[in-house]
Amino acid sequence: MTTTETATAIVPDFGDDAPTGRKLAIICSKGNLDMAYPGLILANAALGEGVEVDLFFTFWGFDMITKSRMSDLKFTMLGNTATHMPQGLGGLPGMTAMATHQMRKQIHDVGVPDVPEFLDQIVDSGGHLWACRLSAEMMHLDENDLYDRVEGIISAADFIEKTAGAQLLFI
Amino acid sequence: MTVTTIGSSRVHVDAEGFLTDYDEWTEDLARLLAAQIGIELTSAHLRVLRFLRADYAEQGETATLRRVSTQAGIPVKELFTLFPGKPAKKMAYIAGLPKPVGCV
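Here you go:
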């Protein structure tokens, strides 16, 4: 291998000299355990890269920030061909509980936190959590029912306004 | 392979400037690396760097922010304050380690 000598040190570019003002908006609309994670993982990754992140929880995604449900999201084999199991199996009593238990274990084994702890880490990293007003009204929930680090219950229009210029992910 | 001089040390670095030889790192060198990216090292920074170095020696890969917070008990919020912007990559750079590959 050839060795190159450089007189001046090479300094990595961490983007501090030219901040891009990059923003990411993530809409979380699903309440299944498996569908909660993509948004959380991407939010966390973006925050670690210095990107400003806002998450909007709507419809079934409301379960991710509802205190009584956020620790108890479930995974079902039903309608999910990617498990490569006969679909009939998924409907048997106890199968959703078993599949959920298995997925929680797999998530834990790779060092990924539960949903409430993950949300904590996202807020600690500078992320913003917003709840959808229409979903709150439909489900008769208010601030007291929601994870206490949610910044507010806002309309879809408010979220769009807040995230002007952001790249958007709908999950 | 690139060899460069930082302060009075000759060190091996990759194309981006990250050290590639674990044993070429010293705390004095870390102060120079930190200064190059605008960070003045304090004891709080050094606590993070020492954990990263020890953990890398055991695990063979650079700890993620989450691992530093859960294993070394240093809150994620503090890591963002100590190493603003891209904390995981900056920590790794100053600690003379490769960029972390873990997602969380």
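If you read the sequences in order, they're chains A and B.
For what it's worth, this note's numbering labels the leading residue of the first sequence as 82, then goes sequentially.
For what it's worth, this note's numbering labels the leading residue of the second sequence as 27, then goes sequentially.
Built from N, CA and C at the ideal position, the CB exists for glycine as well.
The structure displayed is predicted, hence computed values, not measured ones.
- Against F251 of chain A, chain B offers no close residue; the least beta-carbon distance is about 20 angstroms (beta-carbon pairs closer than 8 angstroms).
- Three or more beta-carbon pairs separated by less than 8 angstroms are not found between the stretch 105-113 of chain A and the stretch 69-83 of chain B, which leaves the two stretches without contact.
- A Cβ of chain B is located within less than 8 angstroms of the beta carbon of S206 of chain A.
- The beta carbon of V92 of chain A sits closer than 8 angstroms to some beta carbon of chain B.
- What I32 of chain B touches in chain A, judged by beta-carbon distance under 7 angstroms, is A90, going in chain order.
- Taking 8 angstroms as the CB threshold, F44 of chain B lines the interface with chain A.
- Bounds of any beta strand (DSSP E) do not take in T162 of chain A, whose DSSP letter is neither H nor E.
- Listed in chain order, the beta strand (DSSP E) elements of length 3 or more contained wholly in the stretch 103-179 of chain A are 104-109 and 133-138.
- DSSP, read as helix, strand or coil, puts S69 of chain B in helix.
- In the pairwise beta carbon analysis, the stretch 139-148 of chain A is classified as touching the stretch 107-126 of chain A: at least three pairs are separated by under 8 angstroms.
- In the DSSP assignment, I234 of chain A falls within the unbroken beta strand (DSSP E) covering G233 to I235.
- From the beta-carbon of L123 of chain B, no residue of chain A is found nearer than 8 angstroms; the closest lies around 13 angstroms away.
- Within its own chain, the residues whose Cβ lies closer than 8 angstroms to the Cβ of M158 of chain A, once the five positions on either side in sequence are excluded, are T164, M166, Q168, L170, G171, M176, T177 and A180, listed in chain order.
- Chain A has no Cβ within less than 8 angstroms of the Cβ of I120 of chain B.
- The beta carbon of A83 of chain B sits no closer than 8 angstroms to any beta carbon of chain A.
- The stretch 101-117 of chain B makes contact with the stretch 195-213 of chain A; the number of CB pairs closer than 8 angstroms reaches 3 or more.
- With a threshold of 8 angstroms between beta carbons, L91 of chain B makes contact with chain A.
- I122, N125, A126, G129, E130 and G131: these are the residues of the stretch 122-156 of chain A whose beta carbon lies less than 7 angstroms from some beta carbon of chain B, given in chain order.
- Contact annotation: A114 of chain B and R79 of chain B have beta-carbon atoms that are not nearer than 8 angstroms.
- Below 8 angstroms, too few C-beta pairs join the stretch 28-36 of chain B and the stretch 81-95 of chain B to call them touching: fewer than three.
- When DSSP states are grouped into helix, strand and coil, F95 of chain A belongs to the coil group.
- Residue state for H221 of chain A is assigned as coil, using DSSP reduced to three classes.
- Residue burial annotation: N225 of chain A is exposed, with fewer than 16 other C-beta atoms found within 10 angstroms of its C-beta.
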